[in-house]
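Peer 1: Residue numbers (UniProt numbering), protein chains in the order written: chain A, 1 to 425; chain B, 1 to 425.
One structure, pasted below without further comment.
And the structure:
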């Protein structure tokens, strides 16, 4: 037993004395632990300690997200929204509907679908109900949905998080919670037209995201009337068991250099930057739905999955590298004042602007300084300030200031909404 | 032991013979089981049976979602999108950012926050890592996020699913997986202005969703410069432990009758229809963030949660009751042909329309009948059909047909995109 093991065991023993009912069966120690296993065991012990109140009776929190997961901050969310908008617009342009499925499925639904990878499935604790697991991808829940509702024709997209107990030591930069972004066409159709449409979608999305040159490789394309350069690649004839026909993959040609400020393990990049790699992939899986049907009825399916997490990483790095600031709000105007005792007037104007559909903010202070109001605009990218003062109120105008150019102009209250709309189109 | 218990036990015994390594410790039987517990035990046994191949060696799937969860079909998703768009627009109008947090947290993060309700938390199985639980609400992860990132000022919204092992026998029509839709303002500010903004947001959202009359009740409003009728109600001074100031709740005045076609337990309604009930609620919780800070530093917070699942139910029932069909796609035009051997031409035109940003579909058949193409439009609400024939190709035109009025007009290929845009604004 190594030193850490010893320490851990002593800590456990101490905890046992304090509350003997604690279940310690989940804590295991051996000299063959990897660093990442040690981290997990330490985190688990600290949690346990915190629950018990610790040695000094203090409540010590482990202030972190679960291993392999992360929060998205407002800036990351703004980038995520931009990427999703482009992708969803493309799916809608192709006439797709969308569905959603629960984050967990009966454990049995996932059994036998992922081969060796099944060990990466998160199971829920048996708390006296059904045996449940977190979804591992969106394809198996989609097939379950089709079989359960006896749907034989659908073109749908589904964007949601999936869960894999990947070992970050093995697969650097992968998250245990991450988005999948799938487009699939189910139905018995002619001449591989749906297969070609999936490729077209990959092409359109990668083009619009403007990620640089990419290649699309395919193992099998019998029919393709749309104009996309596709490289044939026999090595694609592997991967998940469920593929039965065409398989394809889109690969970016360029490496985007990693920035020093974003640790490799936290942004999906390997040490050399975002690796030249797959950003989309998919294929035909005609047998999967039949696995769920009591009579084994087949529903032919073809689909594509956009590698959205890698795309987020690239877009985040591009945003870091660019001089342009990512806005996290869409506020058009800040209602401000340079004078005291005008809180009520500021609130009244803000409220009027909201009612007219203008995106407006007001500082939550009785008497904020004009400088701090202007600073708030500069920090968050608000382009306009509507300034109220005793004189403006008397004259029935508002001083409208352009934050960047610092130009100011008096606008009659009645024209204010139109003027803001005109300037923030 | 009741009859079902006996049957179950015999089934277990049979399974034990087939594979003795199966862990049956999670299966418990007693004569005091409720109907819902029996359902769960039966489902668990059927799962187990399916995993083992069943008595006849056949693989029998239990084709269902987990108890208390549901899929959203395309129609429900379309309604959901509409509701979210209204709510998110309102949050953005008020200058809010958005964040996202993982679906599970360290179990310890949730400990001690929910009092008696803690028993409803879903735990993940200990698979050798940290002890994890599915989030129970969005407020505790928000507080953890603020403390972890030392954020003292933020106005953010968060729309995501949360998880509660509610017993449907006790609380009819509640899901175990459901959306929460939260808006919160954190920071040390003057004069309850953020509190008033939260109320204003409830008011704007309920107004725009057009759900009928509603009342807003509040336990405490010291300052409110915006014009909303608020009823004071001392009975609100209860609920979650973490409230420390104002508490409020919005209640619809009218009952919307339940439709026969939507079973009460599946749409969030009770037997008498969607009950007159709370559709939004919130309050001030100045102490929660400090619970996560090692030094107990407080971050004052006030927020509101929109009862989005109840709103979905009401909107779904309104859609059912209305004669207007809910569209699940946004397709503007179907590219069709009345003649054979024009697949290539149909694909070419469709592709050209996609490239111009037009939402277009084409049937995946070599030679579909015109009638089935028109039928597809009627079923899915596509307003226009672009019809190609030998003659049209020769003349360089496309026959554009209005699906509802059945009017047809020849449009030169060069003008087609503009004509489609003009007609589908």
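Glycine included, each C-beta is placed from N, C-alpha and C at the ideal position.
Counting along the chain, where does the beta strand (DSSP E) carrying residue 188 (chain A) start and finish?
Peer 2: Counted from its first residue, the first chain places residue 188 (chain A) at position 188. Residue 188 (chain A) -> no beta strand (DSSP E), and no H or E assigned at all.
Peer 1: By Cβ distance below 7 Å, which residues in the same chain neighbour residue 330 (chain B) in space, the five residues on each side in sequence not counted?
Peer 2: Here residue 330 (chain B) corresponds to residue number 330 of the second chain, with the count starting at 1. Result list for residue 330 (chain B): 359, in chain order.
Peer 1: CA-CA distance, residue 25 (chain B) and residue 122 (chain B)?
Peer 2: Locating residue 25 (chain B) in the second chain gives position 25, counting from the first residue. Locating residue 122 (chain B) in the second chain gives position 122, counting from the first residue. Interpretation of residue 25 (chain B) is limited by its pLDDT of 36, a score under 50 that renders its predicted location unreliable; no figure is taken from the coordinates.
Peer 1: Pick from A:91, A:372, A:356 and A:129: whose alpha carbon is nearest that of residue 181 (chain A)?
Peer 2: Numbered from 1 along the first chain, position 181 holds the residue referred to as residue 181 (chain A). Residue A:91 is the option with its Cα nearest to residue 181 (chain A).
Peer 1: Can you tell me which residues form a DSSP beta bridge with residue 76 (chain B)?
Peer 2: Position 76 of the second chain holds residue 76 (chain B). BP columns for residue 76 (chain B) are empty, so no partner.
Peer 1: Residue 77 (chain B) touches chain A at which residues, Cβ-Cβ below 8 Å?
Peer 2: Within the second chain, residue 77 (chain B) is the residue found at index 77, counting from 1. Result: 97, 98, 99 and 100.
Peer 1: Is residue 244 (chain B) helix, strand or coil when you go by DSSP?
Peer 2: The residue given as residue 244 (chain B) occupies position 244 in the second chain. In this structure, DSSP gives residue 244 (chain B) a state outside helix and strand, which the three-state scheme calls coil.
Peer 1: Going by Cα to Cα distance, which pick from A:247, A:280 and A:313 is closest to residue 201 (chain A)?
Peer 2: One-based indexing of the first chain puts residue 201 (chain A) at position 201. It is A:280.
Peer 1: Just confirm the distance between the C-beta atoms of residue 385 (chain A) and residue 417 (chain A), as a whole number of angstroms; I'd bet it's less than 8 Å.
Peer 2: As a first step, residue 385 (chain A) is located in the first chain; it is residue number 385 there, counting from the start. As a first step, residue 417 (chain A) is located in the first chain; it is residue number 417 there, counting from the start. The distance from the Cβ of residue 385 (chain A) to that of residue 417 (chain A) is about 15 Å, inconsistent with a contact at the 8 Å cut-off.
Peer 1: When the cut-off is 8 Å and only beta carbons count, does residue 402 (chain A) lie next to chain B?
Peer 2: Position 402 of the first chain, counted from the first residue, corresponds to residue 402 (chain A). It does not; no Cβ of chain B falls within 8 Å.
Peer 1: Are residue 335 (chain B) and residue 346 (chain B) closer than 8 Å when you measure CB to CB?
Peer 2: Locating residue 335 (chain B) in the second chain gives position 335, where the first residue counts as 1. Locating residue 346 (chain B) in the second chain gives position 346, where the first residue counts as 1. Yes, Cβ-Cβ distance for residue 335 (chain B) and residue 346 (chain B) is below 8 Å.
Peer 1: Does the Cβ of residue 405 (chain A) have 16 or more other Cβ atoms within 10 Å, making it buried, or fewer, making it exposed?
Peer 2: Residue numbering aside, residue 405 (chain A) sits at position 405 when the first chain is read from its first letter. Residue 405 (chain A) comes out exposed.
Peer 1: Among A:193, A:63 and A:317, whose alpha-carbon lies nearest the alpha-carbon of residue 150 (chain B)?
Peer 2: The residue you call residue 150 (chain B) lines up with position 150 of the second chain. That would be A:63, whose Cα lies nearest to the Cα of residue 150 (chain B).
Peer 1: Who pairs with residue 62 (chain A) in a beta bridge, going by DSSP?
Peer 2: Translated into positions along the first chain, residue 62 (chain A) becomes position 62. Looking at the DSSP assignment, residue 62 (chain A) forms no beta bridge with any residue, so it has no partner.
Peer 1: Scan the stretch 281-307 of chain A for residues whose Cβ lies nearer than 9 Å to a Cβ of chain B and list them as they occur along the chain.
Peer 2: 291, 292, 293 and 294
Peer 1: Give the secondary structure of residue 202 (chain B) by DSSP, where H, G and I count as helix, E and B as strand, and everything else as coil.
Peer 2: Translated into the one-based positions of the second chain, residue 202 (chain B) becomes position 202. Here residue 202 (chain B) sits in helix by DSSP.
Peer 1: Following the continuous alpha helix (DSSP H) through residue 342 (chain B), name the residue where it begins and the one where it ends.
Peer 2: Here residue 342 (chain B) refers to the residue found at position 342 of the second chain. Run containing residue 342 (chain B): none; DSSP gives neither H nor E here.
Peer 1: What's the call for residue 316 (chain B), buried or exposed, on a 16-neighbour Cβ count within 10 Å?
Peer 2: Taking the second chain and counting its residues from 1, one reaches residue 316 (chain B) at position 316. Buried, because 16 or more other Cβ atoms sit within 10 Å of the Cβ of residue 316 (chain B).
Peer 1: Which one of A:160, A:127 and A:146 has the shortest CA to CA distance from residue 136 (chain A)?
Peer 2: Taking the first residue of the first chain as 1, we reach residue 136 (chain A) at position 136. Distance check between residue 136 (chain A) and each of A:160, A:127 and A:146 places A:160 closest, using alpha-carbon atoms only.
Peer 1: Report the residue ranges of all beta strand (DSSP E) runs contained in full by the stretch 381-416 of chain B; include only those spanning at least 3 residues, in chain order.
Peer 2: 384-388, 397-402 and 408-412
Peer 1: Using a cut-off of 8 Å between C-beta atoms, extract the partners of residue 417 (chain B) located in chain A.
Peer 2: Residue 417 (chain B) sits at position 417 when you count from the first residue of the second chain. Chain A residues near residue 417 (chain B): none, gap ~13 Å exceeds 8 Å.
Peer 1: For residue 71 (chain B), which option in A:88, A:96, A:100 and A:78 has the closest C-alpha, if you only look at C-alpha atoms?
Peer 2: Residue 71 (chain B) sits at position 71 when you count from the first residue of the second chain. Nearest option by C-alpha distance: A:100.
Peer 1: Buried or exposed for residue 390 (chain A), going by 16 or more other Cβ atoms inside 10 Å?
Peer 2: Along the first chain, read from residue 1 onward, the residue named residue 390 (chain A) stands at position 390. Answer is exposed; the Cβ neighbour count stays below 16.
Peer 1: 8 Å is my cut-off, CB to CB: does residue 161 (chain B) come that close to chain A?
Peer 2: Numbered from its first residue, the second chain carries residue 161 (chain B) at position 161. Yes, because at least one Cβ of chain A sits closer than 8 Å to the Cβ of residue 161 (chain B).
Peer 1: Where does residue 335 (chain A) sit, in a helix, a strand or coil, going by DSSP?
Peer 2: As a working note, residue 335 (chain A) is residue 335 in the first chain. Looking at residue 335 (chain A) - three-state DSSP - the assignment turns out to be strand.
Peer 1: For residue 422 (chain B), count neighbouring C-beta atoms within 10 Å of its own C-beta (all shown protein chains included) and say buried if the count is 16 or more, exposed if not.
Peer 2: Walking along the second chain from the start, residue 422 (chain B) turns up at place 422. By the 10 Å Cβ count, residue 422 (chain B) comes out exposed.
Peer 1: Taking Cβ positions only, does residue 388 (chain A) come closer than 8 Å to chain B?
Peer 2: Within the first chain, numbered from 1, the residue matching residue 388 (chain A) stands at position 388. Chain B, which has no Cβ nearer than 8 Å to the Cβ of residue 388 (chain A), makes this no.
Peer 1: Quick check on residue 67 (chain B) - is its C-beta less than 8 Å from some C-beta in chain A?
Peer 2: By 1-based counting over the second chain, the position of residue 67 (chain B) is 67. Interface residue, yes.
Peer 1: How far does the beta strand (DSSP E) with residue 157 (chain B) in it reach, from first residue to last?
Peer 2: Here residue 157 (chain B) is taken as the residue at index 157 of the second chain, counted from 1. Taken as a continuous stretch (DSSP letters only), the beta strand (DSSP E) holding residue 157 (chain B) covers 154-163.
Peer 1: In three-state DSSP terms, what is residue 217 (chain A)?
Peer 2: Stepping through the first chain from its first residue, residue 217 (chain A) is reached at position 217. In the structure shown, residue 217 (chain A) sits in a strand (DSSP, three-state: E or B).
Peer 1: Looking at the secondary structure, which residues open and close the alpha helix (DSSP H) in which residue 311 (chain B) lies?
Peer 2: Position 311 of the second chain, counting from 1, holds the residue named residue 311 (chain B). Element bounds for residue 311 (chain B): 308-321.
Peer 1: Just the C-alpha distance for residue 354 (chain B) and residue 204 (chain A), rounded to the nearest angstrom, thanks.
Peer 2: The residue given as residue 354 (chain B) occupies position 354 in the second chain. The residue given as residue 204 (chain A) occupies position 204 in the first chain. Those two C-alpha atoms are separated by around 9 Å.
Peer 1: Based on the DSSP secondary-structure assignment, which residues constitute the bridge partners of residue 301 (chain A)?
Peer 2: Indexing the first chain from 1 puts residue 301 (chain A) at position 301. DSSP, once it has assigned bridges, lists A:186 as partnering residue 301 (chain A).
Peer 1: Can you look up residue 292 (chain B) in the DSSP assignment and give me helix, strand or coil?
Peer 2: What you label residue 292 (chain B) is simply residue 292 of the second chain in a count that begins at 1. Of the three classes helix, strand and coil, the one that applies to residue 292 (chain B) here is coil, per DSSP.
Peer 1: Could one say the Cβ of residue 265 (chain B) lies closer than 8 Å to chain A's Cβ atoms, at least one of them?
Peer 2: Counting from 1 along the second chain, the entry for residue 265 (chain B) is found at position 265. In this prediction, residue 265 (chain B) has a pLDDT of 35, which is less than 50 and means its spatial position is unreliable; nothing more can be read from the coordinates.
Peer 1: Are any of the Cβ atoms in chain A nearer than 8 Å to that of residue 423 (chain B)?
Peer 2: Sequence index remark: in the second chain, residue 423 (chain B) carries index 423 (1-based). Chain A contact via Cβ: absent.
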